[in-house]
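Undergrad: One structure follows; several queries about it will come next.
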Ligand code: FBP
């Protein structure tokens, strides 16, 4: 297998990504206001805040491609997604191919797998395909691994957090993006379980800044590679100030 370098999407082995796929996942009225509904507002934060990558879905990557390329912020293209409108077992459908992502200038691709869902099999199979296609082209793969579905009871348990990160290692993800349950010891175990697969943590719903930064410290102390955060940055009154504080924590 070709060696997959993370150098285009990391700084000294650490990373801070700006996630912006909430438009499809949650809908604009849940998460956005007049400012952050505009992808260019988010791109500007990513650029000025010198993030290691910005996560967009295909449509935004196409329609704002000129500005994304000009910004030089590494594009992480999310290849699948779902809306929150359907209430059945979660399935994130593939809506973009690896080749399309490369043509759009992606430096990495992202893919969600809801482990525990009745549709887990389909997402694992699709992931296997995109992982091998991306790796053939030297592109890193970030797996959003979220235990979800009616079989999943203790959503935020130690066991499931470690299970998610371990799945990342076993399926060949370069980076596993998981949710943090707020317990640093549990997170240390999850990072250990991921072995050589790097771990980044999702931000979650907007918290008070102090609380969020404390969480970021726990995350870095647990040897994670970094954070892939959205709402806690771009919903803040001063996103660049939050980014500056976050960077001090992530990069030291
Ligand atoms: P946030 O930091 O805003 O939580 O973003 C992280 C993320 O993984 C997004 O990439 C994605 O849109 C969202 O969370 C999914 O959230 P949910 O937990 O509702 O599936």
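In my numbering, the protein residues as written are 1288 to 1539.
Even for Gly, the Cβ is constructed at its ideal location relative to N, Cα and C.
From the DSSP secondary-structure annotation, give me the bridge partner or partners of residue 1301.
TA: DSSP output for residue 1301 lists 1298 as bridge partner(s).
Undergrad: With distance defined between alpha-carbon atoms, name the residue in 1464, 1336, 1299 nearest to residue 1478.
TA: Looking at the Cα atoms, 1464 is the closest of the given residues.
Undergrad: Pick from 1384, 1424, 1397, 1352: whose alpha carbon is nearest that of residue 1363?
TA: Closest option to residue 1363, Cα to Cα, is 1397.
Undergrad: Identify the continuous alpha helix (DSSP H) that holds residue 1414 and give its terminal residues.
TA: Counting along the chain, the alpha helix (DSSP H) containing residue 1414 begins and ends at 1407 to 1423.
Undergrad: Check the C-beta distance from residue 1303 over to residue 1338 and give it rounded, since I have them as a contact under 8 Å.
TA: Confirmed, about 5 Å.
Undergrad: Count the C-beta pairs between the segment 1449 to 1459 and the segment 1487 to 1495 that are closer than 8 Å, then say yes if the count reaches three, no if not.
TA: At 8 Å Cβ cutoff, the stretches do not touch.
Undergrad: May I have the straight-line CA-CA distance separating residue 1496 from residue 1293, to the nearest angstrom?
TA: So the two alpha carbons sit approximately 29 Å from each other.
Undergrad: Please state if the CB of residue 1485 and the CB of residue 1512 are separated by a distance shorter than 8 Å.
TA: Yes, they are a contact pair.
Undergrad: Given a cut-off of 8 Å, decide if residue 1453 and residue 1377 are closer than it, judged by their beta-carbon atoms.
TA: The answer is no: Cβ separation not under 8 Å.
Undergrad: Taking 7 Å as the cut-off, does the CB of residue 1508 come closer than this to any heavy atom belonging to the ligand FBP?
TA: For the ligand FBP, not one heavy atom lies less than 7 Å from the Cβ of residue 1508.
Undergrad: Using a threshold of 7 Å, is the CB atom of residue 1460 nearer than that to any non-hydrogen atom of the ligand FBP?
TA: No, the beta carbon of residue 1460 sits no closer than 7 Å to any heavy atom of the ligand FBP.
Undergrad: Give me, in chain order, the residues of the same chain whose beta-carbon lies closer than 8 Å to that of residue 1327; leave out the 5 immediate sequence neighbours on both sides.
TA: So the qualifying residues of the chain are 1351, 1354.
Undergrad: Within 7 Å: the Cβ of residue 1299 and any heavy atom of the ligand FBP?
TA: For the ligand FBP, not one heavy atom lies less than 7 Å from the Cβ of residue 1299.
Undergrad: Going by beta carbon distance, what residues of the same chain come within less than 7 Å of residue 1425, once the five residues before and after it are set aside?
TA: Same-chain partners within the cutoff: 1289, 1291.
Undergrad: Assign residue 1446 to one of two classes, buried (16 or more other C-beta atoms within 10 Å of its C-beta) or exposed (fewer than that).
TA: Looking at its Cβ environment, which holds fewer than 16 other Cβ atoms inside 10 Å, residue 1446 is exposed.
Undergrad: Can you tell me whether residue 1415 is buried or exposed, with buried defined as 16 or more other CB within 10 angstroms of its CB?
TA: Exposed, since its Cβ has fewer than 16 Cβ neighbours within 10 Å.
Undergrad: Going by other Cβ atoms of all chains shown within 10 Å of its Cβ, with 16 needed for buried, is residue 1483 buried or exposed?
TA: With fewer than 16 Cβ atoms within 10 Å of its Cβ, residue 1483 is classed as exposed.
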